[in-house]
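Asks: Residue numbers (our numbering): 276 to 504.
If you scroll down you'll find the structure; I have some questions about it.
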Ligand SMILES: *Cc1c(COP(=O)(O)O)cnc(C)c1O
């Protein structure tokens with residue numbers, strides 16, 4: 276793997292090429308650099324190469340890096356599984372949360388969002404393939420969860436996130452992303468003002484952009500293979 280600056284340039288050109296190939300507005304797909312398990316120095320290098328948004332999965336690790344990087348103007352996204360006892364720190368330290376899948380967590384995040392901060396940006400995680408062991412709300416339960424989210428004063432419901440079951444061929448990769456896009460379209464028709472589809476990772480970002488992704492979450496293709504935790 277090359278250095279993060281070169282890898283970032285490669286990813287940006289993959290995003291631009293996919294935007295063009297699928298008639299998406301240039302610049303409409305936001306790049307979230309997933310820095311879980313990577314040291315603060317790697318984030319600093321990516322920052323120097325122009326990257327501002329970073330995604331983290333593990334709260335304690337994220338808080339340590341955030342403290343080390345307090346001199347930088349970064350946007351922090353929490354994308355990992357959320358235990359109820361972690362919501363306070365997430366509400367205090369992050370700009371976005373992509374992985375909310377139950378009402379109890381929504382309520383706690385809203386209650387615990389500090390008054391001096393803007394509302395917390397939230398994406399609801401959908402278990403799009405209805406996998407028994409995976410996090411995420413099932414499609415059938417999504418409208419009620421979205422309704423709960425918009426009724427909470429300190430949250431701003433932005434959209435939907437998913438991590439599909441792995442598929443190797445590009446046509447198959449597009450199916451779950453198309454399904455998530457349809458769920459978002461249905462919610463928008465019901466009056467929810469959603470602007471975000473958080474979908475696509477290192478191996479399937481083109482398929483996600485083809486189906487309307489507005490934010491791709493890229494780890495390995497920027498930072499290389501993750502060290503074991
Ligand atoms: C780790 C992770 C990613 C990044 O995956 P890569 O395959 O390394 O690009 C994206 N989204 C979530 C939720 C993750 O946990």
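Where a beta carbon is used, it is the ideal one built from N, C-alpha and C, also for glycine.
Just so you know, these numbers come straight off a predicted model, no measurement behind them.
I want to know whether the region 310 to 330 touches the region 379 to 389 - three or more CB-CB distances under 8 Å.
Replies: The region 310 to 330, when compared against the region 379 to 389, does not touch it at the 8 Å Cβ threshold.
Asks: Going along the chain, which residues of its own chain have a beta-carbon closer than 8 Å to the beta-carbon of residue 329, five neighbours each way excluded?
Replies: Walking along the chain shown from the start, residue 329 turns up at place 54. Once the five neighbours on either side are set aside, the close Cβ partners of residue 329 are 307, 308, 309, 310, 318, 321, 349, 350, 351, 352.
Asks: Compare the C-alpha of residue 471 against each of 359, 416, 371, 494 and name the closest.
Replies: Reading the chain shown from its first residue, position 196 is the one you call residue 471. When each option's Cα is compared against that of residue 471, the closest is 371.
Asks: With DSSP run on the structure shown, which of helix, strand or coil describes residue 431?
Replies: Within the chain shown, numbered from 1, the residue matching residue 431 stands at position 156. Strand.
Asks: Just the Cα atoms here: how many angstroms apart are residue 423 and residue 452?
Replies: Reading the chain shown from its first residue, position 148 is the one you call residue 423. Reading the chain shown from its first residue, position 177 is the one you call residue 452. Using only the alpha carbons, I get a separation of about 24 Å.
Asks: Going by beta carbon distance, what residues of the same chain come within less than 7 Å of residue 483, once the five residues before and after it are set aside?
Replies: Your numbering for residue 483 matches position 208 in the chain shown. Once the five neighbours on either side are set aside, the close Cβ partners of residue 483 are 452, 474, 475, 491.
Asks: Considering Cα atoms alone, identify which of 410, 431, 282, 447 is closest to residue 437.
Replies: Here residue 437 is taken as the residue at index 162 of the chain shown, counted from 1. Checked all of 410, 431, 282, 447; the closest Cα to residue 437 is 410.
Asks: Quick one: is the Cβ of residue 396 within less than 8 Å of any heavy atom of ligand 1?
Replies: Taking the chain shown and counting its residues from 1, the one referred to as residue 396 is at position 121. Flag unset: Cβ of residue 396 not near ligand 1.
Asks: Assign residue 388 to buried or exposed, taking buried as 16 or more other Cβ atoms, counted over all protein chains shown, within 10 Å of its Cβ.
Replies: As a first step, residue 388 is located in the chain shown; it is residue number 113 there, counting from the start. The residue in question, residue 388, is buried, as its Cβ has 16 or more Cβ neighbours within 10 Å.
Asks: I need the DSSP call for residue 300, collapsed to helix, strand or coil.
Replies: Within the chain shown, the letter at position 25 stands for residue 300. Residue state, collapsed to three classes: coil.
Asks: Determine, using beta carbons only, whether residue 334 and residue 361 come nearer to each other than 9 Å.
Replies: Within the chain shown, the letter at position 59 stands for residue 334. Within the chain shown, the letter at position 86 stands for residue 361. It is a contact, given that the beta carbons lie within the stated cut-off.
Asks: Tell me which residue opens and which closes the alpha helix (DSSP H) that residue 385 is part of.
Replies: Locating residue 385 in the chain shown gives position 110, where the first residue counts as 1. Start and end: 378 to 387.
Asks: Strictly by DSSP, which residues pair up with residue 353?
Replies: As a first step, residue 353 is located in the chain shown; it is residue number 78 there, counting from the start. According to DSSP, which records beta bridges pairwise, residue 353 is partnered with 331, 372.
Asks: Report buried or exposed for residue 413, applying the criterion of at least 16 other Cβ atoms within 10 angstroms of its Cβ.
Replies: As a first step, residue 413 must be located in the chain shown, where it is residue number 138. Exposed.
Asks: For residue 464, which option in 431, 300, 332, 418 has the closest C-alpha, if you only look at C-alpha atoms?
Replies: The count along the chain shown starts at 1 and reaches residue 464 at position 189. Comparing Cα-Cα distances from residue 464 to each of 431, 300, 332, 418, the minimum goes to 418.
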